[in-house]
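See structure below.
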DNA sequence: CGTTTCATTGAGTGCGATCAAGCCGTGTGG
DNA sequence: CCACACGGCTTGATCGCACTCAATGAAACG
């Protein structure tokens, strides 16, 4: 890899999250809601890409508490570890279509080896960036800010008028470092304040983007 | 880079933190305590390595609160960003000797281009791993656990009988997501419990490793 | 219609933040 | 040498937010 190529990788990380370029032959697999895609400590020689549905990666802390690594949506690559084994496990949040590719197959694509390596590196770099953002989120002062920020991010990612929460309250709580009760209370409060509007407990609509932003910054 | 080389990179991340392999020509620079090494949003075309001393990277959150990215000690590489600009700034915690190398110089080393790329990637991967650990730390329940875990990590990294804290209480607090008062209280408490022993407020000794570990896991 | 699972709501408590003094080592100048 | 100021750290008192425990509500399923 030349340094020019290297800089291209860096530049790529500023691009939107969806990973283009993994249009290599991959086996399309279906996973049912709740099904495990790979386990913690399992050997990591496969790379995954969400075609349809949502995925979460989790990990059991030494204290028994569950940590959520991240959520992945259509277009996202996941399962790339920095070691030989998966340090998180991955589960389907709903019925999913996942493209699965063997690492070794990628490397044998010969024609343009750089492309593959770049993709992998770019994915790692992006993962780092997202983890740092998550860290920032966890340090936010109040539970309200956390939840508001989470909903806003999600709405931005999917970009429709209304957004469907792909995960339950427990997953939100684990991701935000809160309890399920607190998440519930904050959702109720945000709704009472007229900032978001829920219909059912999985569909919501942003009613006041500026109001939410003010909560987060202030 | 072949895939074999790629796997070697991955394997390297399990190795101790000190980055071997950056024995490329670098300019040795001295920084005084508190001096800025690079600024947030500055262009990131230099790579740094701690020769002597300690460095912290920081970042201002949107809410004005200071987030500490990480602390770096002798042997550690820092300043590698995933984008074109530094997303954190770096400051010397004490008088430091830093080896500074231009990225472009590295890539022109031609002879074994892989080595450089691998080093950079390995550093990125390690950074990701450390960030994930930090995330886990921030989610620990109590302030006591956080402080205990921090002191234990530090003692392990330096490995002597007694350890010198390279940073002040405010830096610890920012890193752990606590206030300076709480950090102080916890230090006092850990000492009262006979788990650590401070002489002055920067030198300490682990008195009961098992006791500390129990705190963290429990 | 009961059962199960998930979310909401309520009451009470505890931990860490906040506000406010005090303490101590260090440096400075008389 | 002392007096003083200054910054970093510690200690104290109080308060509020989020956790805990517990009960209720609401869908989804057989």
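Protein chains in written order, with my numbering: chain P, 1 to 218; chain X, 1001 to 1218. Glycine included, each C-beta is placed from N, C-alpha and C at the ideal position. Nothing here was measured: the structure is a model prediction, and the numbers come from that model.
When the Cβ atoms of the stretch 39 to 51 of chain P are set against those of the stretch 74 to 85 of chain P, are three or more pairs found closer than 8 Å?
-> yes
6 Å Cβ shell around residue 1208 of chain X - same chain, five flanking residues per side excluded = To locate residue 1208 of chain X, count along the second chain from 1; it is residue 208. The answer, listed in chain order, is 1195.
Proximity of residue 1130 of chain X and residue 1171 of chain X at Cβ, strictly below 8 Å | Residue 1130 of chain X sits at position 130 when you count from the first residue of the second chain. Residue 1171 of chain X sits at position 171 when you count from the first residue of the second chain. Against a cut-off of 8 Å, the Cβ pair of residue 1171 of chain X and residue 1130 of chain X comes out as no contact.
Starting from the beta carbon of residue 125 of chain P, find every residue of chain X whose beta carbon is closer than 7 Å, and list them in chain order.
-> Position 125 of the first chain, counted from the start, is the residue given in the question as residue 125 of chain P. Per Cβ cutoff of 7 Å: 1082, 1124.
Relative to the C-alpha of residue 1084 of chain X, which residue among X:1067, X:1073, X:1040 is closest?
-> Taking the first residue of the second chain as 1, we reach residue 1084 of chain X at position 84. Minimum Cα distance to residue 1084 of chain X is reached at X:1040.
Residue 1177 of chain X: contacting residues in chain P (beta-carbon distance under 8 Å) | The residue you call residue 1177 of chain X lines up with position 177 of the second chain. Near residue 1177 of chain X (Cβ distances below 8 Å), the residues of chain P are 138, 139.
According to DSSP, which residues form a beta bridge with residue 47 of chain P?
-> As a position in the first chain, residue 47 of chain P is number 47, starting the count at 1. P:101, per the DSSP bridge assignment.
C-alpha gap between residue 1161 of chain X and residue 1139 of chain X, whole angstroms = As a working note, residue 1161 of chain X is residue 161 in the second chain. As a working note, residue 1139 of chain X is residue 139 in the second chain. So the two alpha carbons sit approximately 29 Å from each other.
Contact with chain X by residue 170 of chain P, beta-carbon distance below 8 Å = The residue labelled residue 170 of chain P in the question sits at position 170 within the first chain. Chain X, which has no Cβ nearer than 8 Å to the Cβ of residue 170 of chain P, makes this no.
Considering only residues of the same chain and omitting the five flanking positions on each side of residue 1213 of chain X, which have a CB-CB separation below 8 Å?
-> Within the second chain, residue 1213 of chain X is the residue found at index 213, counting from 1. Excluding residues within five positions, the ones whose Cβ falls inside 8 Å are 1152.
Between residue 201 of chain P and the rest of its own chain, which residues show a CB-CB distance below 7 Å, the 5 nearest in sequence each way excluded?
-> Looking up residue 201 of chain P in the first chain gives position 201. The answer is none, since no qualifying residue turns up.
Excluding the 5 residues preceding and the 5 following residue 211 of chain P in the sequence, name in chain order all residues of the same chain whose CB lies nearer than 6 Å to its CB.
-> The residue you call residue 211 of chain P lines up with position 211 of the first chain. Cβ within range, chain order: 195.
Are there 16 or more other CB atoms within 10 angstroms of the CB of residue 1177 of chain X, so buried, or fewer, so exposed?
-> Taking the second chain and counting its residues from 1, one reaches residue 1177 of chain X at position 177. So residue 1177 of chain X ends up on the buried side.
Taking the alpha carbon of residue 1053 of chain X as the point to measure from, which residue in X:1158, X:1065, X:1205, X:1121 has its own alpha carbon closest?
-> Your numbering for residue 1053 of chain X matches position 53 in the second chain. Residue X:1158 is the option with its Cα nearest to residue 1053 of chain X.
Return helix, strand or coil for residue 1067 of chain X, following the three-state DSSP convention.
-> Along the second chain, read from residue 1 onward, the residue named residue 1067 of chain X stands at position 67. Of the three classes helix, strand and coil, the one that applies to residue 1067 of chain X here is strand, per DSSP.
Coarse secondary structure for residue 1059 of chain X, derived from DSSP in three states | On the second chain, position 59 is the one that residue 1059 of chain X refers to. Three-state DSSP puts residue 1059 of chain X in a strand.
Can you give me the start and stop residues for the alpha helix (DSSP H) that residue 188 of chain P sits inside?
-> Here residue 188 of chain P refers to the residue found at position 188 of the first chain. That run of the alpha helix (DSSP H) goes 180 to 192.
Residue 1061 of chain X versus chain P: which residues are under 9 Å apart at the beta carbon?
-> Start at 1 with the first residue of the second chain, and residue 1061 of chain X comes out as number 61. In chain order: 136, 139, 140.
Classify residue 1029 of chain X as helix, strand or coil using the three-state DSSP reduction.
-> Working through the second chain from its first residue, we reach residue 1029 of chain X at position 29. Looking at residue 1029 of chain X - three-state DSSP - the assignment turns out to be strand.
Name the two residues that bound the continuous alpha helix (DSSP H) containing residue 213 of chain P.
-> Here residue 213 of chain P refers to the residue found at position 213 of the first chain. Here the alpha helix (DSSP H) through residue 213 of chain P covers 209 to 217.
Could you tell me whether any Cβ in chain P is nearer than 8 Å to the Cβ of residue 1046 of chain X?
-> In the second chain, counting from the first residue as 1, residue 1046 of chain X sits at position 46. With 8 Å as the cut-off, residue 1046 of chain X does not count as an interface residue toward chain P.
Compare the Cα-Cα distances from residue 31 of chain P to each of P:183, P:43, P:90, P:67 and report the closest residue.
-> Residue numbering aside, residue 31 of chain P sits at position 31 when the first chain is read from its first letter. Comparing Cα positions, the closest option is P:90.
Whole-number beta carbon distance between residue 164 of chain P and residue 203 of chain P, since they are thought to touch under 8 Å | Locating residue 203 of chain P in the first chain gives position 203, where the first residue counts as 1. Locating residue 164 of chain P in the first chain gives position 164, where the first residue counts as 1. About 5 Å separates the two Cβ atoms, so the contact holds.
Whole-angstrom distance between residue 179 of chain P and residue 66 of chain P, CA atom to CA atom = Taking the first residue of the first chain as position 1, residue 66 of chain P is located at position 66. Taking the first residue of the first chain as position 1, residue 179 of chain P is located at position 179. Cα to Cα, residue 66 of chain P sits roughly 12 Å from residue 179 of chain P.
Got a sec: which bits of the stretch 1064 to 1080 of chain X sit with their beta carbon under 8 Å from any beta carbon on chain P, in order along the chain?
-> Within the stretch 1064 to 1080 of chain X, the residues whose Cβ lies closer than 8 Å to some Cβ of chain P are 1065, 1067, 1069, listed in chain order.
I think residue 1136 of chain X touches residue 1146 of chain X, with their Cβ atoms under 8 Å apart; what is that distance to the nearest whole Å?
-> In the second chain, the residue the question calls residue 1136 of chain X occupies position 136. In the second chain, the residue the question calls residue 1146 of chain X occupies position 146. That pair is no contact at about 11 Å.
Can the beta-carbon of residue 124 of chain P be found less than 8 Å from the beta-carbon of residue 1128 of chain X?
-> As a working mapping, residue 124 of chain P is identified with position 124 in the first chain. As a working mapping, residue 1128 of chain X is identified with position 128 in the second chain. Against a cut-off of 8 Å, the Cβ pair of residue 1128 of chain X and residue 124 of chain P comes out as a contact.
Cutoff 8 Å: residue 128 of chain P Cβ touching any chain X Cβ = Taking the first residue of the first chain as position 1, residue 128 of chain P is located at position 128. At least one chain X Cβ lies under 8 Å of residue 128 of chain P.
When the Cα of residue 100 of chain P is compared with those of P:37, P:142, P:186, P:27, which residue comes out closest?
-> In the first chain, counting from the first residue as 1, residue 100 of chain P sits at position 100. Nearest option by C-alpha distance: P:27.
What number of angstroms, rounded off, separates the C-alpha of residue 1191 of chain X from the C-alpha of residue 82 of chain P?
-> What you label residue 1191 of chain X is simply residue 191 of the second chain in a count that begins at 1. What you label residue 82 of chain P is simply residue 82 of the first chain in a count that begins at 1. Cα to Cα, residue 1191 of chain X sits roughly 37 Å from residue 82 of chain P.
Any idea what DSSP makes of residue 1203 of chain X, helix, strand or coil?
-> Counting from 1 along the second chain, the entry for residue 1203 of chain X is found at position 203. Reduced to three states, the DSSP call for residue 1203 of chain X is strand.
Hey, does residue 1210 of chain X have any beta-carbon neighbour from chain P nearer than 8 Å?
-> Here residue 1210 of chain X refers to the residue found at position 210 of the second chain. Taking Cβ atoms only, chain P never reaches closer than 8 Å to residue 1210 of chain X, which makes this a no.
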